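A quick write-up on the structure given underneath.
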Amino acid sequence: MHAAGYLTIADAMELLGVARFTVTRMIGDGRLRVERVDDRVVTRRGWIAAVQK
-19 MHAAGYLTIA
-9 DAMELLGVAR
1 FTVTRMIGDG
11 RLRVERVDDR
21 VVTRRGWIAA
31 VQK
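Heads up: the sequence shown is residues -19 to 33, going by the working numbering.
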């Protein structure tokens, strides 16, 4: 799902260079912001950039 600027968790993994577990942990502890769109959990490039700072 790349509509409307959304990125998948797999995209986040690739951009951050980390495993799925790490992305899940980042979401759980509030470091990476996500939204639910239909039945998917998605993030945005800007939110990933905020984590990288």
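Glycine is no exception: its CB is placed at the ideal position from the N, C-alpha and C atoms.
As the structure is a computational prediction, the values presented were derived from the model and not from experiment.
If you draw a 10 Å sphere on the C-beta of A(-8), you find 16 or more other C-beta atoms in it, and that means buried. As DSSP reads the structure, L(-13) sits in a beta bridge with T23. Shown here for V3: same chain residues with a beta carbon closer than 8 Å to its own, the five before and five after excluded, namely I(-11), A(-8), M(-7), L(-4), L12 in chain order. Residue environment: V22 is assigned as buried (16 or more neighbouring CB atoms within 10 Å of its CB, all protein chains considered).
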